[in-house]
Amino acid sequence: MKIIIAGAYAIGNYLASLLTRTNEDITIIDDNEEALDNVNSDLDVLTMHASPISVKALRQVGVGQADLFIAVTHSQETNMCACSLAKSLGAKQTVAKVEDYEFAAPNNKDVLQRMGVDSIIYPEMLAAQDIINGLKMSWVRQRWDVHGGALVMLGIKLRESCEILNRPLKELIGPDEPYHIVAIKRGNDTIIPGGDEVLQLHDLAYFMTTKNSIPYVRRIVGKEKYADVSHVMIMGGGKTAVRAAHNMPEYMQYKIIENDPQRCEQLNDLLPDNAGYVINGDARDTSVLVEEGIRSMEAFVALTGSSEANILACLSAKRYGVRKTVAVIENIDYVDMAESLDIGTIINRKAIAASRIYEMMLEGKAANVRFLMQAKADVAEFTAQPGSKITKKRIFELGLPKGITFGGLVRNGEGMLISGGTQIQEGDIVMVFCVNADLKRIEKLFL
Numbered sequence: 000m001k002i003i004i005a006g007a008y009a010i011g012n013y014l015a016s017l018l019t020r021t022n023e024d025i026t027i028i029d030d031n032e033e034a035l036d037n038v039n040s041d042l043d044v045l046t047m048h049a050s051p052i053s054v055k056a057l058r059q060v061g062v063g064q065a066d067l068f069i070a071v072t073h074s075q076e077t078n079m080c081a082c083s084l085a086k087s088l089g090a091k092q093t094v095a096k097v098e099d100y101e102f103a104a105p106n107n108k109d110v111l112q113r114m115g116v117d118s119i120i121y122p123e124m125l126a127a128q129d130i131i132n133g134l135k136m137s138w139v140r141q142r143w144d145v146h147g148g149a150l151v152m153l154g155i156k157l158r159e160s161c162e163i164l165n166r167p168l169k170e171l172i173g174p175d176e177p178y179h180i181v182a183i184k185r186g187n188d189t190i191i192p193g194g195d196e197v198l199q200l201h202d203l204a205y206f207m208t209t210k211n212s213i214p215y216v217r218r219i220v221g222k223e224k225y226a227d228v229s230h231v232m233i234m235g236g237g238k239t240a241v242r243a244a245h246n247m248p249e250y251m252q253y254k255i256i257e258n259d260p261q262r263c264e265q266l267n268d269l270l271p272d273n274a275g276y277v278i279n280g281d282a283r284d285t286s287v288l289v290e291e292g293i294r295s296m297e298a299f300v301a302l303t304g305s306s307e308a309n310i311l312a313c314l315s316a317k318r319y320g321v322r323k324t325v326a327v328i329e330n331i332d333y334v335d336m337a338e339s340l341d342i343g344t345i346i347n348r349k350a351i352a353a354s355r356i357y358e359m360m361l362e363g364k365a366a367n368v369r370f371l372m373q374a375k376a377d378v379a380e381f382t383a384q385p386g387s388k389i390t391k392k393r394i395f396e397l398g399l400p401k402g403i404t405f406g407g408l409v410r411n412g413e414g415m416l417i418s419g420g421t422q423i424q425e426g427d428i429v430m431v432f433c434v435n436a437d438l439k440r441i442e443k444l445f446l
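Residue numbers (numbering that gives the first Met the number 0): 0 to 446.
Structure representation (structure tokens):
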């Protein structure tokens, strides 16, 4: 697949690093020579020093033969213009990153497609959706719904109250148990467990279960005493905070603490009525947190542009008794540190955006693709096509590559767990968990 990325910055670089695992034909074009030098020092991809909205440059880079043209520069106007030109010059599919919700609104999709922009990526909206998913279950680090919730994967930090520690999984998980353990994050390693593996204190375990069995999983991991989230304090009033506020369930109330007085005035116009409050103050000041009632909050969300400030603020919130903390961490180098400091849910906008774009190159047979930063793993839904290899053998006979496990499937709208003896059928939607392996290679089993 020939892929051209316009923009040698955060999302473009991260996406290119994902795509190099699949040996795609990748070219990055940018008019910032220093940014391209950084790419060349880290990645084995072609680069071109030119404007992404130069017709001459686009022709030189071969945009007419591109299967996918991705525009992720800092300017949404440049991104949309570049996609329009690329489409006119023959690119099969175009994707543009935008900064304003107006362009991501569903009712504008037709207008953008007529311009030559096939798909829109709005990282702030994607991040907000992940934040809300995290807040809905205070005792879960990560939640990932398969096919609208028919199956659910839960990333759970195991504490002393967990009743299934230190016993082999083959003793814990029989054919009648309503959950599977699809992966374990332990220290810096992610393990696809076998029957002899045991869960240990402080593991981040990934459970696959059905929606009806979530209370059972909550009980066995000892999280029943965790209070559900109804009051949320948010540090930072940027675009992600606005989108999170608009998507927050009605039973949740929020306080947004923003340091810029002018931005506070804007927030009062941008936010839903009667759903929360905007406070002008510096949330890095613990006296402000106390004054605004941090001790009565069930959740704290740090959304400033500083990864360091977000981590420190979450640590402060935990000291005041807040169990559920969420931090936006844009610096990938800080993710492992945040995990070791027991920061709860970690959000990285560029990883979320790159995951959504990555999904687009999987020929339409994969959906809901996500890179789990804390586990350094991919998850995706694959649909078994008529006559595909996956339908011709039972799972244990397929010889799956190392680092791959199937967590469950959805058949006729009903989620079910699977075992080595399961026979996947045409039309089944299968949840795939993948560590250090190529999703495109797995995709071939479903075609």
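Quick reminder that beta carbons are idealized off the backbone N, C-alpha and C, glycines included.
Distance between residue j and residue i (C-alpha atoms, nearest Å)
{"i": "H146", "j": "G292", "result": "38 Å"}
{"i": "I403", "j": "N435", "result": "9 Å"}
{"i": "K210", "j": "M152", "result": "10 Å"}
{"i": "V241", "j": "M336", "result": "27 Å"}
{"i": "G505", "j": "G237", "result": "For residue 505 there is no data in the structure shown, the boundaries of the chain being 0 and 446."}
{"i": "K224", "j": "H201", "result": "18 Å"}
{"i": "S387", "j": "Y205", "result": "28 Å"}
{"i": "G45", "j": "T26", "result": "Contrary to the premise, residue 45 reads as Leu rather than Gly in this sequence. Answer to the nearest angstrom: the Cα atoms are 5 Å apart."}
{"i": "K349", "j": "A9", "result": "6 Å"}
{"i": "L18", "j": "D272", "result": "43 Å"}
{"i": "L101", "j": "L111", "result": "The question names Leu, but residue 101 in the sequence shown is Glu. Cα-Cα distance, rounded: 11 Å."}
{"i": "N309", "j": "V368", "result": "26 Å"}
{"i": "A282", "j": "K317", "result": "14 Å"}
{"i": "K401", "j": "N187", "result": "18 Å"}
{"i": "S305", "j": "S16", "result": "23 Å"}
{"i": "Q75", "j": "P385", "result": "40 Å"}
{"i": "K375", "j": "T189", "result": "7 Å"}
{"i": "Y215", "j": "P177", "result": "8 Å"}
{"i": "E23", "j": "A70", "result": "17 Å"}
{"i": "A353", "j": "I346", "result": "13 Å"}
{"i": "W138", "j": "L397", "result": "36 Å"}
Residue closest to residue i, alpha-carbon to alpha-carbon, out of the options
{"i": "D29", "options": "T209, L67, P51 and P214", "result": "P51"}
{"i": "I428", "options": "G406, P214 and L302", "result": "G406"}
{"i": "V197", "options": "I172, P177 and T209", "result": "I172"}
{"i": "K391", "options": "F432, I351 and L444", "result": "L444"}
{"i": "A104", "options": "G235, R294, M124 and S160", "result": "M124"}
{"i": "I130", "options": "I351, R355 and A374", "result": "I351"}
{"i": "A274", "options": "L302, M296, A244 and C263", "result": "A244"}
{"i": "V181", "options": "L35, F432, D175 and R262", "result": "F432"}
{"i": "T126", "options": "Q265, M360, M247 and L399", "result": "A quick correction: the sequence has Ala, not Thr, at residue 126. Measuring from the Cα of A126, the nearest candidate turns out to be M247."}
{"i": "N411", "options": "L14, I423 and L18", "result": "I423"}
{"i": "I481", "options": "P271, L266 and D272", "result": "With the chain covering 0 to 446 only, the question about residue 481 has no answer from this structure."}
{"i": "R322", "options": "G133, E264, T77 and P174", "result": "G133"}
{"i": "S87", "options": "T208, F68 and M234", "result": "F68"}
{"i": "E307", "options": "I342, Y319, G280 and M296", "result": "I342"}
{"i": "A366", "options": "K375, T382 and Y333", "result": "T382"}
{"i": "Q373", "options": "E358, I389, L340 and E380", "result": "L340"}
{"i": "M296", "options": "L269, N330, G280 and S229", "result": "S229"}
{"i": "N37", "options": "V334, A226 and Y13", "result": "Y13"}
{"i": "E380", "options": "R393, A95, V54 and E358", "result": "E358"}
{"i": "I233", "options": "M360, S53, L311 and I256", "result": "I256"}
{"i": "I389", "options": "A353, R440, I346 and C80", "result": "R440"}
Contact belief for residue i with residue j at Cβ below 8 Å, rounded distance in angstroms
{"i": "A49", "j": "A90", "result": "At roughly 16 Å, the Cβ-Cβ gap does not stay under 8 Å, so A49 and A90 are not in contact."}
{"i": "I356", "j": "I120", "result": "6 Å"}
{"i": "V231", "j": "A298", "result": "5 Å"}
{"i": "G63", "j": "T93", "result": "Not a contact, Cβ separation roughly 13 Å."}
{"i": "R140", "j": "T324", "result": "No, R140 and T324 are not in contact; Cβ-Cβ is about 10 Å, not under 8 Å."}
{"i": "N78", "j": "V60", "result": "With 8 Å as the limit, N78 and V60 do not qualify as a contact, their Cβ atoms being about 16 Å apart."}
{"i": "N31", "j": "A56", "result": "That pair is no contact at about 14 Å."}
{"i": "L452", "j": "M207", "result": "Any answer about residue 452 is impossible in this case: the structure gives the chain only from 0 up to 446."}
Neighbour-count burial assignment, residue i, 16 or more Cβ in a 10 Å radius
{"i": "V289", "result": "exposed"}
{"i": "A5", "result": "buried"}
{"i": "S286", "result": "exposed"}
{"i": "F395", "result": "exposed"}
{"i": "N106", "result": "exposed"}
{"i": "R294", "result": "exposed"}
{"i": "M415", "result": "exposed"}
{"i": "R142", "result": "buried"}
{"i": "R158", "result": "exposed"}
{"i": "H73", "result": "exposed"}
{"i": "D377", "result": "buried"}
{"i": "N165", "result": "exposed"}
{"i": "K169", "result": "exposed"}
{"i": "A226", "result": "exposed"}
{"i": "Y253", "result": "buried"}
{"i": "E162", "result": "exposed"}
{"i": "S447", "result": "Outside the displayed span of the chain (0 to 446) sits residue 447, for which this structure offers no information."}
Segments assigned beta strand (DSSP E), at least 3 residues, entirely inside the stretch 407 to 446: 413 to 416 and 428 to 433
Whole runs of the beta strand (DSSP E) within the stretch 81 to 142, excluding any shorter than 3 residues: At a cut-off of 3 residues, the continuous stretches assigned as beta strand (DSSP E) that sit fully inside the stretch 81 to 142 are 93 to 96 and 118 to 120.
Continuous beta strand (DSSP E) assignments of at least 3 residues falling wholly in the stretch 277 to 362: 298 to 301, 323 to 327 and 344 to 346
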